[in-house]
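Trainee:
Numbering (the numbering used here), first residue to last: 578 to 854.
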């Protein structure tokens with residue numbers, strides 16, 4: 578029942594879940610792969626980008642063709658949502674663990690910092706997104722906490738920027754001038770995935786991570802849930818309690834849609850199993 582593929586850099590297998598092709602990687606493996614990309618000075622292709630679907634993304638994916646295209650072109654897709662990891666084993670497509678963007682980005686920065694201490698050059702990071710001044714504070718804190726990493730730029734685009742060609746060109750020019758290895762994009766889904774997918778051929782960075790509220794966390798603007806809640810798959814409850822007005826409707830919709838997604842995945846898996854028998 579498992580749909581597998583191997584990437585051009587020898588990546589582990591992938592699985593199809595709710596229509597999305599997801600890499601079977603744990604946090605350490607994902608971090609090391611992105612770090613290798615960031616340090617690859619011989620790479621001359623378009624910017625690789627990483628998306629981290631949770632349940633809300635999976636629901637949007639079913640109805641948004643542009644988002645499906647963005648996922649298709651992503652260099653890495655890792656499951657951020659605990660429900661996705663939990664149900665993956667039901668269909669013989671077990672994912673090793675949740676890989677949240679809010680763990681992947683700081684994990685990458687810490688790994689890059691450690692690499693720098695071994696005599697390698699400093700990884701350059703540009704932060705795009707969050708609220709006014711937040712990305713600047715995140716960049717400052719990165720420089721303080723991880724001196725082996727070089728935060729080379731930060732920018733908070735105005736609302737509606739994605740519809741403004743001149744503003745998009747300005748952002749691309751800022752990134753090109755800074756010459757980052759890693760671009761952290763915190764614009765919210767699906768805006769961040771659609772923007773990076775649209776411009777990844779022109780983004781002058783080796784890799785871009787679409788990581789939602791991670792810039793807010795790095796800046797200390799927002800607090801993540803306690804570790805025990807993260808381990809139990811309850812981080813969503815902490816976020817709902819923190820931002821009920823913004824998230825209540827979304828979570829209610831996702832709770833309604835999730836059983837339908839599971840049923841649809843069961844029917845597809847059963848159909849594949851029957852045809853292969």
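Beta carbons are placed, not taken as given, at the ideal position from N, Cα and C, and that holds for glycine.
Small disclaimer: the values here were computed from a predicted structure and weren't measured.
1) Could you tell me whether the region 662-673 touches the region 779-796, where touching means 3 or more Cβ pairs closer than 8 Å?
2) Can you grab the Cα-Cα spacing for the pair residue 733 / residue 685, in whole Å?
3) Who pairs with residue 731 in a beta bridge, going by DSSP?
4) Relative to the C-alpha of residue 772, which candidate in 722, 706, 682, 701 has its C-alpha closest?
5) Decide if residue 757 is buried, meaning its Cβ has at least 16 other Cβ atoms within 10 Å, or exposed.
6) Given this structure, state the Cα-to-Cα distance separating residue 599 from residue 786, to the nearest angstrom.
7) Please go through the region 600-636 and give each complete alpha helix (DSSP H) segment of 4 or more residues, from N-terminal end onward.
8) Taking the CB atoms as reference points, tell me whether residue 703 and residue 748 lie closer together than 7 Å.
9) Closest to residue 765 by CA distance: which of 714, 628, 660 is it?
10) What whole-angstrom Cβ distance do residue 661 and residue 607 have, given they're in contact under 8 Å?
11) Can you confirm whether the region 713-731 touches the region 652-659 when touching is taken to mean that 3 or more C-beta pairs between the two stretches lie within less than 8 Å?
12) I need the DSSP call for residue 759, collapsed to helix, strand or coil.
13) So residue 768 is in the alpha helix (DSSP H); what residue range does that whole segment cover?
14) So, using beta-carbon positions, are residue 700 and residue 615 closer together than 7 Å?
15) Let me check understanding here. Comparing Cα to Cα, which of 792, 644, 637, 675 lies closest to residue 709?
16) Under a Cβ-count criterion, where at least 16 other Cβ atoms within 10 Å of its own Cβ denotes burial, should residue 585 be classed as buried or exposed?
17) How long is the line joining the alpha carbons of residue 626 and residue 651, rounded to whole angstroms?
18) Which residues in the same chain have their Cβ closer than 7 Å to the Cβ of residue 716, if we skip the five residues on either side of it in sequence?
Mentor: Result, derived from the coordinates:
1) no
2) 22 Å
3) 704
4) 706
5) buried
6) 15 Å
7) 604-616
8) no
9) 628
10) At roughly 15 Å, the Cβ-Cβ gap does not stay under 8 Å, so residue 661 and residue 607 are not in contact.
11) no
12) strand
13) 768-776
14) yes
15) 792
16) Any reading at residue 585 is ruled out, since the residue's pLDDT is 42, under 50, leaving its predicted position unreliable.
17) 5 Å
18) 704, 728, 731
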